[in-house]
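This report concerns only the one structure given below.
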Amino acid sequence: MNYPFWDVEMGYGILMALIAVVHVFVSHFAIGGGLYLVVTEQSARKHDDARWLGFVRRLSKFFVLTTVVFGALTGVGIWFIIGLLDPAATEVLIHNFVWAWATEWCFFIVEILAALLYYNGWDRMSARNHMMVGWIYFIAAWLSLAVIDGIIAFMLTPGGWLESGSFWAGFFNPTYWSSLVLRTGICIMLAGLYALMAASREKDASFKASLVRHSAGWGLVGLAVVAASMFWFLADIPATVMDTAAKAMPIPMAALGLMWQLALVLGAMLVLFGLVLPKAYHPLVGVAVMVLGLVWFGSYEWFRESIRKPYVISGYMYANATEVGKAEAYQADGLLAHMAYRTGDDGDDLFRHACRSCHTINGYNALKPLFDGMDRDYIDGAVMGTGKMLGNMPPFLGTKAEAGLIADHIYKQVDHRPVAEIHGLSGAALGRKVYELRCGSCHVPGGHGSNTESYADMEPGDLGDMLDMAADLGDRMPAFTGTSEERQALIEYLQILGKGGAQ
Ligand code: HEC
Ligand code: HEC
C-alpha cells in the first residue's frame, strides 16, 4: 500500500482486460504471422509461384502493420494501465525481472525493425535477403514471447522464487514451458485463421482451394499443439490452486469445460470447411472461425487470470495489493499504518485498499445489492469474513476496528429498510432471500461450504439456538443480527433446506 489509489468508476478487471486482450491478440498474431509469412514465402519462391507470392505479400501488410502500430501502442498501454491499477505488483515484477524486460525490449526493437524491412523489402531486396529478414522478424518476435512468458507464468506459479527469491527460479517457473508451448501453438493457430479469412475472399476457385487447405493446416497444427499443451499446462498448476478454484470459483471452472468444447467445434470447422470443402470457404465462415479462435484464446487468458485469485502473484501478494508476508504486521499495526497515502477519510481509504479494486458500492461488481437491508454489524462480520466467501477474495488483513470503519462506510450507502420491505417478500420466500444475503456467500446449498445436511434433524427451536450462537460456529462467521421477522423466515427456510428442498 505504498501507492495512492486510482479511483476509476469502471471496473479494474474490465479496464485491464480491454487493453490486455487487444495487446495479446495482436502480439500473438505478429509472432504466428512472422512464421507463416516466411515459411509460405519460401515455398512460393521454391515453386516460383507468383500468385502465392502475391498472397503472402498482401498478407504481410496486415501482420506487419498491426504488429508495429497496435503491438507497440497497446504494449505501452499495458505499462500505463498496470502502473495505474496495480502499482505494487508492477513494482515487484520490475524489481525481480528488470533485465528480462530490458531483454524483451531489445527483441521487440529487432522485431519491429525486421518487420518494417520485410514489408518494404519485397521489391528492393534479393529473395535470399528478404527471407533472411523474415526469419529475423519471426525469431525476434518469438524470443520476446519466450521472455515475457516467464514473467506472466511467474504471477500464476512463482514456484521456488517464493523461498529463494532467485530470478531463475521465478523465470523458469512451474508453468513456464507449458505456457510457452501453448502460446506458440496459439500463434500458429491464429496466423492460420487470419490467412483463412484473407483466402476466403479469393476469386479463383482452385487457387482459393489451395490457399484454404494450406492455411487450415496451420490452424489445425496450431490447435493440436494448443490442445496437447493445455493438458500439460493444467497438470503443471499446483493442485492447491486448482482445488481452491474448483471450490470457490464455479464460473471459471465451468468455462474450462466450455473451452474444450469450443476447441472441438473449431477443429471440426477447420476440417470440414478447410480440408473437405475448401472451395466453398465463404468469408462469413472465415470470420466465424476467426472469432471462435479469438474467443478461445480470450477465455484461456481469462481462465489463467481467474484461477490466480485471490492473488495477483500467487502466494506472495493478494489481488488488492496486500502482501501475504506482512499479514501479521497488518494485523498488529492495522492497515492504515501501512498506507503511504491517506485522504483523511479512513473508512474510505480502508475500503479502497481492501475492496475497491474489485467492487464499487453501486456500479461495477456492486456491493450495495448484497448489503441492502443488512444491519451494520452484519456488514462488519462480512468484511471480516470476505476470505471465507464464494469468489476467492483476499482475506481481510486489517484489525477488527478497521473492519468496523469499512462497515460504517458501506452501511452509510445502503438501503436501511428491512429485507421484507425492499424485496416485498414474506414467509419462506423471505427466508430464502435472507439466507442468500446473510449465509449464502459462505454456504451455497450443494456447493461451496454447503452444510444443508446439518439442518436435517433440527427442530425450529434448535435452529433458533443455532442462530443465537452463530458467531461461535465458525472462524469469521458473523453473528445473526437480522430482525425477528427475518429470523422466523430464515428458520422456516433452513427447515426446507434440511429436508433437501429448495436447492
Ligand atoms: C463469512 C462467512 C460465513 C457466513 C456469512 C456464514 N457462515 Fe456459517 N460458517 C462459516 C465458517 C467458516 C464455518 C466453519 C467451517 C465449517 O464448519 O464449514 C461455518 C459454520 C457454520 C455451521 C456449523 C458447521 C456445519 O457445517 O454445520 C452452521 C450451522 C452455519 N455455519 C450456518 C450458517 C448460517 C445459518 C448462516 C447465515 C445466517 C451462516 N452460517 C453464515 C462461515 C460463514
Ligand atoms: C480481488 C478482488 C476482490 C476483492 C479485493 C474483494 N472482493 Fe468481494 N468479490 C469479488 C468477486 C469476484 C466476487 C464474486 C462476484 C460474483 O460471483 O458475482 C465477490 C463477492 C463478494 C460478496 C458476495 C459473495 C457472494 O458471492 O455471495 C461480498 C459480500 C463481497 N464480495 C464483499 C467484499 C468486501 C466487503 C471486500 C473488502 C473487504 C471485498 N469483497 C473484496 C472480488 C473481490
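Everything in the sequence shown is counted per our numbering, starting at 117 for the first residue and increasing by one. Cβ atoms here follow ideal geometry from the backbone N, Cα and C, with glycine treated the same way. The model shown is predicted, which means the values in this text are computed figures rather than measured ones.
I want to check one thing, is the minimum distance from the CB of residue i to the heavy atoms of ligand 1 below 8 Å?
i      : result
ASN592 : The identity of residue 592 in the sequence shown is Arg, whereas the question assumes Asn. Checking the Cβ of ARG592 against ligand 1 gives yes.
CYS555 : yes
HIS559 : yes
SER345 : no
ALA470 : no
PHE349 : no
TYR457 : no
LEU610 : yes
ASN567 : yes
LEU327 : no
MET117 : no
Where does the unbroken beta strand (DSSP E) through residue i begin, and where does it stop?
i      : result
TYR427 : 427-429
Locate the alpha helix (DSSP H) running through residue i, then write down its first and last residues.
i      : result
TRP238 : Taken as a continuous stretch (DSSP letters only), TRP238 belongs to no alpha helix (DSSP H), as it is neither H nor E.
HIS525 : 516-527
GLU601 : 600-614
LYS177 : 166-181
SER143 : 128-162
VAL249 : 243-272
GLY193 : 188-201
GLY286 : 283-287
MET500 : 492-500
MET305 : 292-315
LEU452 : No alpha helix (DSSP H) holds LEU452; DSSP gives it neither H nor E.
PHE487 : 484-487
Between residue i and the rest of its own chain, which residues show a CB-CB distance below 8 Å, the 5 nearest in sequence each way excluded?
i      : result
VAL137 : GLY414 and GLU417
ILE225 : none
If you drop the 5 nearest sequence neighbours on each side, which residues of the same chain put their C-beta closer than 6 Å to that of residue i?
i      : result
MET385 : VAL405
GLY149 : PHE179 and ALA307
TRP277 : ALA285 and GLY286
ASP491 : THR597
VAL499 : PHE512, ALA519, ILE522 and ALA523
TYR292 : GLY266 and ALA269
TYR397 : SER316, VAL328 and PHE389
Between which residues of its own chain and residue i is the CB-CB distance below 7 Å, once the five residues before and five after are set aside?
i      : result
GLY514 : TYR446, GLY450, LEU451, LEU466 and ALA470
VAL357 : ILE423 and SER430
PRO171 : Before going on, a small fix: residue 171 reads as Phe here, not Pro. Excluding residues within five positions, the ones whose Cβ falls inside 7 Å are LEU327.
ILE194 : ILE135, ALA136 and HIS139
ALA243 : ARG161
ALA262 : LEU296
May I ask whether a heavy atom of ligand 2 can be found less than 8 Å away from the beta carbon of residue i?
i      : result
HIS539 : no
ASN436 : yes
ASN212 : no
PHE121 : no
SER430 : no
ASN481 : yes
ILE423 : no
PHE467 : yes
For this session: Write down every uninterrupted run of the alpha helix (DSSP H) in the stretch 524-594 whose length is 4 residues or greater and which is fully enclosed by it, in chain order.
Result: 535-539, 543-554 and 576-584
Problem set entry | In chain order, each alpha helix (DSSP H) run of at least 4 residues that lies wholly inside the stretch 322-400 | 355-364 and 366-385
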